[in-house]
Amino acid sequence: MIRKCLFPVAGYGTRFLPATKSMPKEMLPIVNKPLVQYGVEEAIQAGLKEIALVTGRGKRAIADHFDISYELENQIAGTSKERYLDCIRNVLTEGTFMMTRQREMKGLGHAILTGECLIGDEAFGVILSDDLCLNQDDDGVMAQMVALYKQFRCSIVAIQEVPMEEIEKYGVIAGELMGDGLYRVSTMVEKPKPEDAPTNMAVIGRYILTPDIFDILRETPPGKNGEVQLTDALMTQAQNGCVLAYKFRGKRFDCGSVPGFIEATNYVYENIYDEASA
(Lines of atoms letter the chains of each structure in order from A and count residues from 1; the text may use other names and numbers.)
(Lines give C-alpha, C1' and ligand atoms only; values in the text may rest on other atoms or scores of the structure.)
Protein backbone atom coordinates (compact mmCIF):
# COMPACT_ATOMS: atom_id res chain seq x y z
CA MET A 1 0.00 0.00 0.00
CA ILE A 2 2.90 2.35 0.66
CA ARG A 3 5.73 2.15 -1.86
CA LYS A 4 7.57 5.45 -1.56
CA CYS A 5 9.66 7.23 1.04
CA LEU A 6 10.66 10.87 0.72
CA PHE A 7 13.98 12.16 2.06
CA PRO A 8 14.30 15.96 2.42
CA VAL A 9 18.09 16.31 2.06
CA ALA A 10 18.51 19.88 0.82
CA GLY A 11 19.47 21.56 4.12
CA TYR A 12 22.78 23.33 4.70
CA GLY A 13 23.87 21.52 7.87
CA THR A 14 25.15 24.72 9.45
CA ARG A 15 25.67 23.12 12.88
CA PHE A 16 28.48 21.03 11.36
CA LEU A 17 30.37 23.81 9.59
CA PRO A 18 33.04 23.86 8.29
CA ALA A 19 32.72 20.10 7.57
CA THR A 20 29.46 20.66 5.67
CA LYS A 21 30.72 23.59 3.61
CA SER A 22 31.24 21.29 0.63
CA MET A 23 29.93 17.93 1.91
CA PRO A 24 26.25 17.17 2.54
CA LYS A 25 25.51 16.67 6.22
CA GLU A 26 23.57 13.54 5.24
CA MET A 27 26.85 12.01 4.07
CA LEU A 28 28.51 12.38 7.47
CA PRO A 29 29.47 8.83 8.51
CA ILE A 30 28.26 7.02 11.58
CA VAL A 31 31.37 4.82 11.80
CA ASN A 32 31.57 3.53 8.20
CA LYS A 33 28.15 4.33 6.76
CA PRO A 34 26.63 7.74 5.90
CA LEU A 35 23.58 8.91 7.82
CA VAL A 36 21.32 8.91 4.79
CA GLN A 37 22.09 5.24 4.07
CA TYR A 38 20.82 4.23 7.50
CA GLY A 39 17.54 5.96 6.68
CA VAL A 40 17.28 4.37 3.24
CA GLU A 41 17.92 0.92 4.73
CA GLU A 42 15.14 1.56 7.26
CA ALA A 43 12.74 2.55 4.47
CA ILE A 44 13.57 -0.52 2.37
CA GLN A 45 13.18 -2.79 5.39
CA ALA A 46 9.66 -1.33 5.78
CA GLY A 47 8.84 -2.14 2.16
CA LEU A 48 9.25 1.45 0.93
CA LYS A 49 11.63 0.69 -1.92
CA GLU A 50 11.02 3.75 -4.09
CA ILE A 51 13.28 6.41 -2.60
CA ALA A 52 12.50 10.05 -3.43
CA LEU A 53 15.31 12.50 -2.63
CA VAL A 54 14.60 16.24 -2.42
CA THR A 55 18.10 17.63 -2.84
CA GLY A 56 19.69 21.03 -3.34
CA ARG A 57 22.86 22.69 -4.57
CA GLY A 58 26.05 20.97 -3.49
CA LYS A 59 24.32 17.65 -2.83
CA ARG A 60 25.65 15.59 -5.75
CA ALA A 61 27.50 13.28 -3.37
CA ILE A 62 24.15 11.83 -2.23
CA ALA A 63 23.13 10.93 -5.78
CA ASP A 64 26.59 9.51 -6.46
CA HIS A 65 26.44 7.38 -3.30
CA PHE A 66 23.29 5.64 -4.51
CA ASP A 67 24.83 4.76 -7.85
CA ILE A 68 27.54 2.43 -9.14
CA SER A 69 31.12 3.72 -9.11
CA TYR A 70 32.62 1.79 -12.02
CA GLU A 71 36.17 2.98 -11.35
CA LEU A 72 36.05 1.96 -7.70
CA GLU A 73 34.33 -1.34 -8.44
CA ASN A 74 36.95 -2.18 -11.05
CA GLN A 75 39.82 -1.18 -8.77
CA ILE A 76 38.85 -3.45 -5.87
CA ALA A 77 37.17 -6.30 -7.81
CA GLY A 78 38.47 -9.66 -6.64
CA THR A 79 40.27 -8.23 -3.61
CA SER A 80 39.45 -8.55 0.09
CA LYS A 81 38.23 -4.94 0.04
CA GLU A 82 35.29 -5.78 -2.22
CA ARG A 83 33.23 -6.94 0.78
CA TYR A 84 33.18 -3.35 2.08
CA LEU A 85 30.64 -2.55 -0.66
CA ASP A 86 28.21 -5.37 0.19
CA CYS A 87 25.76 -3.26 2.21
CA ILE A 88 25.47 -0.47 -0.37
CA ARG A 89 25.16 -3.03 -3.18
CA ASN A 90 22.21 -4.53 -1.34
CA VAL A 91 20.59 -1.10 -1.11
CA LEU A 92 21.10 -0.45 -4.82
CA THR A 93 19.63 -3.85 -5.67
CA GLU A 94 16.55 -3.40 -3.48
CA GLY A 95 15.84 0.31 -3.98
CA THR A 96 14.89 2.59 -6.84
CA PHE A 97 16.10 6.19 -6.57
CA MET A 98 14.62 9.40 -7.96
CA MET A 99 15.29 13.02 -7.10
CA THR A 100 14.30 16.62 -7.57
CA ARG A 101 15.78 19.88 -6.29
CA GLN A 102 14.46 22.32 -3.73
CA ARG A 103 15.67 25.63 -5.11
CA GLU A 104 14.98 27.66 -1.95
CA MET A 105 15.17 26.62 1.70
CA LYS A 106 11.64 27.46 2.89
CA GLY A 107 11.13 24.85 5.58
CA LEU A 108 10.25 21.18 5.86
CA GLY A 109 6.73 21.71 4.57
CA HIS A 110 8.07 23.36 1.42
CA ALA A 111 10.60 20.54 0.95
CA ILE A 112 7.84 17.94 1.10
CA LEU A 113 5.67 19.93 -1.30
CA THR A 114 8.66 20.08 -3.68
CA GLY A 115 8.66 16.28 -3.67
CA GLU A 116 5.04 16.02 -4.85
CA CYS A 117 6.24 15.42 -8.42
CA LEU A 118 8.01 12.26 -7.22
CA ILE A 119 5.23 10.99 -4.97
CA GLY A 120 1.99 11.56 -6.85
CA ASP A 121 -1.43 10.74 -5.40
CA GLU A 122 -0.52 8.12 -2.82
CA ALA A 123 0.44 7.81 0.83
CA PHE A 124 4.17 7.91 1.52
CA GLY A 125 6.77 7.82 4.24
CA VAL A 126 9.12 10.64 5.20
CA ILE A 127 12.48 10.09 6.89
CA LEU A 128 14.70 12.91 8.14
CA SER A 129 18.26 11.61 8.08
CA ASP A 130 19.25 13.82 11.03
CA ASP A 131 17.25 11.48 13.26
CA LEU A 132 19.02 8.13 13.36
CA CYS A 133 16.61 5.48 14.63
CA LEU A 134 17.90 2.03 15.52
CA ASN A 135 16.05 -1.05 16.71
CA GLN A 136 18.25 -4.12 16.59
CA ASP A 137 15.76 -6.59 18.11
CA ASP A 138 12.54 -5.57 16.34
CA ASP A 139 11.13 -3.85 13.26
CA GLY A 140 12.53 -0.43 12.42
CA VAL A 141 10.50 2.66 13.24
CA MET A 142 9.17 3.09 9.69
CA ALA A 143 8.09 -0.56 9.55
CA GLN A 144 6.23 -0.09 12.82
CA MET A 145 4.44 2.94 11.37
CA VAL A 146 3.57 1.16 8.10
CA ALA A 147 1.84 -1.55 10.16
CA LEU A 148 -0.20 1.14 11.90
CA TYR A 149 -1.07 2.80 8.59
CA LYS A 150 -2.46 -0.49 7.28
CA GLN A 151 -4.86 -0.43 10.22
CA PHE A 152 -5.84 3.26 10.40
CA ARG A 153 -5.18 4.70 6.89
CA CYS A 154 -4.31 8.22 8.07
CA SER A 155 -1.23 10.38 8.60
CA ILE A 156 1.04 9.26 11.43
CA VAL A 157 3.92 11.04 13.16
CA ALA A 158 6.55 9.44 15.38
CA ILE A 159 6.93 10.96 18.85
CA GLN A 160 9.30 10.71 21.77
CA GLU A 161 9.22 12.20 25.24
CA VAL A 162 12.02 14.75 25.63
CA PRO A 163 13.18 16.88 28.58
CA MET A 164 11.10 20.04 28.83
CA GLU A 165 14.23 22.21 28.59
CA GLU A 166 14.78 20.83 25.06
CA ILE A 167 11.17 21.12 23.89
CA GLU A 168 11.81 24.35 21.97
CA LYS A 169 13.70 22.35 19.31
CA TYR A 170 10.67 20.29 18.27
CA GLY A 171 7.13 20.18 17.07
CA VAL A 172 5.03 19.07 20.05
CA ILE A 173 1.73 17.17 20.19
CA ALA A 174 -1.07 16.62 22.64
CA GLY A 175 -3.95 14.23 22.14
CA GLU A 176 -6.18 11.41 23.26
CA LEU A 177 -4.50 8.13 24.20
CA MET A 178 -5.95 5.39 21.97
CA GLY A 179 -3.76 2.48 22.95
CA ASP A 180 -0.24 1.52 23.88
CA GLY A 181 1.84 4.52 22.80
CA LEU A 182 -0.73 5.68 20.23
CA TYR A 183 -2.47 9.08 20.39
CA ARG A 184 -5.06 10.84 18.28
CA VAL A 185 -3.62 14.31 17.82
CA SER A 186 -5.69 17.27 19.02
CA THR A 187 -2.94 19.88 19.25
CA MET A 188 0.35 20.31 17.44
CA VAL A 189 2.67 23.27 18.03
CA GLU A 190 5.97 24.06 16.31
CA LYS A 191 8.91 24.75 18.65
CA PRO A 192 6.99 26.20 21.63
CA LYS A 193 8.64 27.73 24.64
CA PRO A 194 8.62 25.29 27.60
CA GLU A 195 5.91 27.28 29.37
CA ASP A 196 3.69 27.10 26.26
CA ALA A 197 4.26 23.43 25.38
CA PRO A 198 1.11 21.30 25.75
CA THR A 199 3.18 18.19 26.63
CA ASN A 200 6.75 16.95 26.38
CA MET A 201 5.88 14.60 23.48
CA ALA A 202 8.05 15.75 20.58
CA VAL A 203 7.68 14.88 16.91
CA ILE A 204 10.82 13.28 15.49
CA GLY A 205 11.85 12.69 11.90
CA ARG A 206 9.55 9.85 10.86
CA TYR A 207 6.17 10.43 9.20
CA ILE A 208 3.59 8.67 7.09
CA LEU A 209 1.55 11.21 5.15
CA THR A 210 -1.60 10.88 3.09
CA PRO A 211 -1.51 12.67 -0.28
CA ASP A 212 -4.00 15.37 0.69
CA ILE A 213 -1.10 16.90 2.64
CA PHE A 214 0.11 18.46 -0.62
CA ASP A 215 -3.06 20.53 -1.10
CA ILE A 216 -2.94 21.56 2.55
CA LEU A 217 0.73 22.61 2.26
CA ARG A 218 -0.10 24.72 -0.80
CA GLU A 219 -2.59 26.67 1.34
CA THR A 220 -0.42 26.84 4.48
CA PRO A 221 1.05 30.32 5.02
CA PRO A 222 4.63 30.68 6.26
CA GLY A 223 4.81 30.21 10.02
CA LYS A 224 7.66 30.22 12.52
CA ASN A 225 10.89 31.66 11.03
CA GLY A 226 9.02 32.52 7.83
CA GLU A 227 9.04 28.86 6.76
CA VAL A 228 6.24 26.60 5.58
CA GLN A 229 5.86 24.31 8.58
CA LEU A 230 4.75 20.72 8.16
CA THR A 231 3.47 20.96 11.74
CA ASP A 232 0.91 23.60 10.69
CA ALA A 233 -0.30 21.47 7.78
CA LEU A 234 -0.62 18.41 10.00
CA MET A 235 -2.62 20.43 12.51
CA THR A 236 -5.06 21.34 9.73
CA GLN A 237 -5.23 17.67 8.76
CA ALA A 238 -5.91 16.69 12.38
CA GLN A 239 -8.73 19.24 12.66
CA ASN A 240 -10.37 18.09 9.43
CA GLY A 241 -9.83 14.36 9.85
CA CYS A 242 -7.33 12.32 11.81
CA VAL A 243 -3.59 12.38 12.56
CA LEU A 244 -2.06 9.80 14.87
CA ALA A 245 1.09 10.13 16.95
CA TYR A 246 3.06 7.00 17.75
CA LYS A 247 5.55 6.50 20.57
CA PHE A 248 7.87 4.14 18.72
CA ARG A 249 10.04 1.26 19.90
CA GLY A 250 13.78 1.75 19.50
CA LYS A 251 16.57 4.25 20.09
CA ARG A 252 16.78 7.64 18.43
CA PHE A 253 19.83 9.89 18.12
CA ASP A 254 19.70 13.58 17.15
CA CYS A 255 22.53 13.52 14.62
CA GLY A 256 21.75 17.09 13.60
CA SER A 257 23.66 18.14 16.72
CA VAL A 258 27.31 17.41 17.45
CA PRO A 259 26.64 15.73 20.85
CA GLY A 260 23.96 13.50 19.32
CA PHE A 261 26.22 12.63 16.40
CA ILE A 262 29.04 11.60 18.74
CA GLU A 263 26.61 9.61 20.91
CA ALA A 264 25.30 7.77 17.83
CA THR A 265 28.80 7.04 16.57
CA ASN A 266 29.86 5.57 19.91
CA TYR A 267 26.68 3.50 20.17
CA VAL A 268 26.99 2.05 16.66
CA TYR A 269 30.69 1.29 17.12
CA GLU A 270 30.12 -0.46 20.42
CA ASN A 271 26.88 -2.31 19.58
CA ILE A 272 26.44 -2.72 15.82
CA TYR A 273 29.67 -2.24 13.88
CA ASP A 274 31.40 -5.54 13.15
CA GLU A 275 35.08 -4.84 12.57
CA ALA A 276 35.68 -8.39 11.36
CA SER A 277 33.25 -7.99 8.47
CA ALA A 278 33.91 -4.33 7.72
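Mapping the sequence shown onto the numbering used here, position 27 (from 1) lands on 27, and the numbers just tick up by one. For each residue, glycine too, the CB sits at the ideal point set by N, CA and C.
Per DSSP, L85 has no beta bridge partner at all. Take V189, set aside five residues on each side of it, and the residues of its chain with a beta-carbon closer than 6 Å to its own are V172, in chain order. Taking 8 Å as the upper bound for CB-CB distance, A197 and I167 are in contact here, some 5 Å apart.
Annotation for V203: V157, A158, I159, Y170, G171, V172, I173, M188, T231, A245 place their beta carbon closer than 8 Å to its own, counting only its chain and skipping 5 residues before and after. K33 is the residue among V258, M23, K33, V91 whose C-alpha sits nearest the C-alpha of D274. V54 is a Cβ neighbour of L6, given a cutoff of 8 Å. Within the same chain, Cβ atoms closer than 7 Å to the Cβ of T100 are found at V54, T114, G115, C117, L118, the five residues on either side in sequence being excluded.
P221 sits in coil when the DSSP states are folded into three classes, being neither helix nor strand. Its Cα nearest to that of D212, the residue G120 stands out among L134, E270, G120.
The alpha-carbon of L72 is positioned some 14 Å away from that of F66. Around the beta carbon of Q239, fewer than 16 other beta carbons lie within 10 angstroms, which makes this residue exposed. The Cβ atoms of I62 and V91 lie no closer than 8 Å to each other. Judged by DSSP secondary structure, T100 falls outside any alpha helix (DSSP H) and instead within the beta strand (DSSP E) spanning 96 to 101. The stretch 103 to 114 and the stretch 135 to 152 do not touch, with fewer than 3 CB-CB distances between them shorter than 8 Å. Spatial neighbours of K193 in its own chain (CB-CB distance under 7 Å, excluding positions within 5 residues in sequence) are listed in chain order as E168. Ranked by how close their Cα comes to the Cα of L217, the residues M142, E41, K106, F261 have K106 in first place.
Within the stretch 166 to 223, the complete beta strand (DSSP E) runs of at least 3 residues fall at 171 to 179, 182 to 190, 201 to 209. V258 is classed as exposed because its beta carbon has fewer than 16 other beta carbons within 10 Å across all chains shown.
Looking at the DSSP output, T114 bridges to nothing.
No Cβ-Cβ contact shorter than 8 Å links V162 with F248. In the three-state reduction of the DSSP assignment, T14 falls in the helix class, which pools H, G and I.
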